[in-house]
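Step one of this worksheet: look at the structure below.
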Amino acid sequence: MKHLKKTSRRTRVLTGAAVAAALAAGTFGAVSATAAPSAAPQTAVTADVADRNVHRTTHLTADAATRAAQAALKAAEQDGRRVTVAVVDRNGNTLVTLRGDGAGPQSYESAERKAFTAVSWNAPTSELVKRLETAPNLKDIPGTLFLGGGVPVTAQGGPVAGIGVAGAPSGDLDEKYARAGAAALGH
């Protein structure tokens, strides 16, 4: 085994100084590159697209979703029912979920899935349950729940949200409360 020769103190100092200088230059360069404004002006690329290339959508506001959920929850509480209410947007994303006092733990996810199912097919989930007779594989679609209690909310002929209620003893009651939430959005 060969013995490595010790480097001189001068070599170690010069090597350390060179490494420190390289690191400092790199750091300064990186900071300078991100901090300095570009010499050439940036021009945004814009294009006016024809209307046929644009699809406009309508969405329920968070305030409206909250009002609908509160109205559905209030209707259930007036009947002495402990439910959870969920409102999802037109894409099935949850806008608001209100779990009423004493609502069962399963009701949270069930309400969201009923709302998602209603907006996905733009139909009440009680109607969709009937479709399972001819298309039983519908129930296999992820995120759906084919039980009564979900209603779509429409504007200008298209779905903008879904309201789902879960926790009452029947889907008919859940749907009654979901409809109360949708009614709160009426004119």
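So the sequence shown is residues -35 to -1, 1 to 152, counted in mature numbering (1 follows the signal peptide of the UniProt record, and there is no 0).
Using N, Cα and C, we set each Cβ at its ideal position, and we do this for glycine too.
In this text the structure is predicted, and so the values were computed from the model without any measurement.
(request) Give the DSSP-derived three-state secondary structure of Leu63 in the structure shown. (result) strand
(message) So the candidates are Gly69, Tyr73, Thr23, Arg64; which of them puts its Cα closest to the Cα of Asn56?
(response) Thr23
(request) Go ahead and pull the three-state DSSP assignment for Gly136. (result) helix
(message) Looking at Ala36: is its Cβ nearer than 8 Å to the Cβ of Ala80?
(response) no
(message) Please tell me whether Thr49 and Ala29 are closer than 8 Å, where the distance is taken between their beta carbons.
(response) It is not a contact, given that the beta carbons lie outside the stated cut-off.
(message) Let me make sure I understand the geometry here. Which of Leu97, Leu150, Ala145 has the alpha-carbon closest to that of Gln43?
(response) Cα-wise, what sits closest to Gln43 is Ala145.
(request) Please report how far the alpha carbon of Ala133 lies from the alpha carbon of Arg47, in whole angstroms. (result) 7 Å
(request) For my contact list, Thr90 and Gly115 are in at a C-beta cut-off of 8 Å; report their separation, rounded to the angstrom. (result) Going by Cβ atoms, the distance from Thr90 to Gly115 rounds to 4 Å, so yes, they are a contact pair.
(request) Just the C-alpha distance for Val118 and Ala12, rounded to the nearest angstrom, thanks. (result) 34 Å
(message) According to DSSP, simplified to helix, strand and coil, what is Ala37?
(response) helix
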